[in-house]
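Residues in the sequence shown are numbered consecutively from 4, following the numbering used here. Even glycine gets a Cβ: it sits at the ideal position worked out from N, Cα and C. Just so we're clear, the structure is a prediction, and the values are computed from it rather than from any experiment.
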Amino acid sequence: MAQLIYYCGTMDSGKSTLALQTAHNYESRGRHGLVFTNKDRAGEGIISSRLGLQSPAIEISTGMDIYSFVETHQKDKGRLDYLIFDEAQFYESEQIDQLARVVDILNVDVFAFGILSDFRTSLFPGSMRLVELADRVNPLQVEALCWCGLRATHNARIVGGKMVREGDQLLPGDTAPENEISYEVLCRKHHMANMNSKNHDKLAQ
4 MAQLIYYCGT
14 MDSGKSTLAL
24 QTAHNYESRG
34 RHGLVFTNKD
44 RAGEGIISSR
54 LGLQSPAIEI
64 STGMDIYSFV
74 ETHQKDKGRL
84 DYLIFDEAQF
94 YESEQIDQLA
104 RVVDILNVDV
114 FAFGILSDFR
124 TSLFPGSMRL
134 VELADRVNPL
144 QVEALCWCGL
154 RATHNARIVG
164 GKMVREGDQL
174 LPGDTAPENE
184 ISYEVLCRKH
194 HMANMNSKNH
204 DKLAQ
């Protein structure tokens, strides 16, 4: 029986690395699949890891019917054994429903990878629906660390060196600290206290 499995974690927890490794493992055993992504830091149609790994991928666009895409692909090009969906937090709720239909009707294994919550600690719509529908939700085992050394559990948006809690849920940025808009992973204590790696000394005084 095919399954819908969601691997989730904070930024820097290795989700894209695991997605690429999963695709490699299946391909090396002669199984056939497709890799999808959405809004990857490296650009459209690419799945990339912060370790430097990259692979071409199919970009999930707004309103795309994933079920119809996969069904048509199988009719035209043959059986698919698995599907990889990275950056799944950015998918629409309806698209997550389509992933479940791919599993239940087309009997194809689906592996989704994403971030659970945004910089405001609110669940992304795609992640929320995956938690509701997935056969299994697996937290990633690679633990990202807060600047204090504790396990990082929350994502923070940093603008001009300061942590912010308001703004659009989807705003381009990366973890590179030199960017005007960047992201940092923090433990719950320091996320709630607005203490990131750039301002914790000042706030502690």
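Item to complete: In the DSSP assignment, find the unbroken beta strand (DSSP E) run with Asn28 in it and report its ends.
Response: As a working mapping, residue 28 is identified with position 25 in the sequence shown. Element bounds for Asn28: not the beta strand (DSSP E) but the alpha helix (DSSP H), 18-31.
Worksheet entry | Sequence-distant residues of its chain with Cβ nearer than 6 angstroms to Val134 (five each side left out) | For this step, residue 134 is matched to residue 131 along the sequence shown. Result list for Val134: Val140, in chain order.
Worksheet item: Can you name the residues that DSSP bridges to Asp1?
Response: Residue 1 lies beyond the residue range present for the chain, which begins at 4 and ends at 208; the question has no answer from this structure.
Worksheet item: Helix, strand or coil: which one does DSSP assign to His35?
Response: The residue labelled residue 35 in the question sits at position 32 within the sequence shown. Looking at His35 - three-state DSSP - the assignment turns out to be coil, as it is neither helix nor strand.
Worksheet entry | Span separating the alpha-carbon of Met195 from that of Val145 | Reading the sequence shown from its first residue, position 192 is the one you call residue 195. Reading the sequence shown from its first residue, position 142 is the one you call residue 145. Rounded to the nearest angstrom, the two C-alpha atoms are 23 angstroms apart.
Discussion item. In whole angstroms, give me the CA-to-CA distance for Leu102 and Asp43.
Written reply: To locate residue 102, count along the sequence shown from 1; it is residue 99. To locate residue 43, count along the sequence shown from 1; it is residue 40. In a straight line, the C-alpha of Leu102 is about 19 angstroms away from that of Asp43.
Worksheet item: Alpha carbon to alpha carbon, how far is Val162 from Ile118?
Response: Mapped onto the sequence shown, residue 162 falls at position 159. Mapped onto the sequence shown, residue 118 falls at position 115. The straight-line gap from Cα to Cα measures roughly 20 angstroms.
Worksheet item: Does DSSP put Lys80 in a helix, in a strand, or in coil?
Response: In the sequence shown, residue 80 corresponds to position 77, counting from 1. In this structure, Lys80 counts as helix in the three-state DSSP scheme.
Practice prompt. Taking Met131 as part of the alpha helix (DSSP H), name the residues at either end of that continuous run.
Written response: For the purposes of this step, residue 131 is taken as residue 128 along the sequence shown, with counting starting at 1. It spans 128-136 - the alpha helix (DSSP H) in which Met131 sits, taken as one unbroken run.
Worksheet item: According to DSSP, is Gln98 helix, strand or coil?
Response: Residue mapping note: residue 98 aligns to position 95 of the sequence shown, counting from 1. Helix at Gln98.
Item to complete: Identify the continuous alpha helix (DSSP H) that holds Lys192 and give its terminal residues.
Response: Translated into the one-based positions of the sequence shown, residue 192 becomes position 189. Note, Lys192: alpha helix (DSSP H), 191-195.
Item to complete: Please name the residue or residues paired with Tyr10 in a DSSP beta bridge.
Response: Numbered from 1 along the sequence shown, position 7 holds the residue referred to as residue 10. Note: Tyr10 sits in a beta bridge opposite Phe116, Asn141.
Discussion item. Which residue wins for smallest C-alpha separation from Tyr70, given the options Gly46, Val105, Cys151, Gly48?
Written reply: Numbered from its first residue, the sequence shown carries residue 70 at position 67. Among Gly46, Val105, Cys151, Gly48, the Cα nearest to that of Tyr70 is on Val105.
Worksheet item: For Ala16, which option in Met166, Ile63, Glu90, Lys192 has the closest C-alpha, if you only look at C-alpha atoms?
Response: Counted from its first residue, the sequence shown places residue 16 at position 13. The identity of residue 16 in the sequence shown is Ser, whereas the question assumes Ala. The option with the nearest alpha carbon to Ser16 is Glu90.
Worksheet entry | Terminal residues of the beta strand (DSSP E) in which Asn158 lies | As a working mapping, residue 158 is identified with position 155 in the sequence shown. It spans 157-162 - the beta strand (DSSP E) in which Asn158 sits, taken as one unbroken run.
Worksheet item: What do you reckon, are the CB atoms on Gly12 and Leu143 nearer than 9 angstroms?
Response: Position 9 of the sequence shown, counted from the first residue, corresponds to residue 12. Position 140 of the sequence shown, counted from the first residue, corresponds to residue 143. Yes, they are a contact pair.
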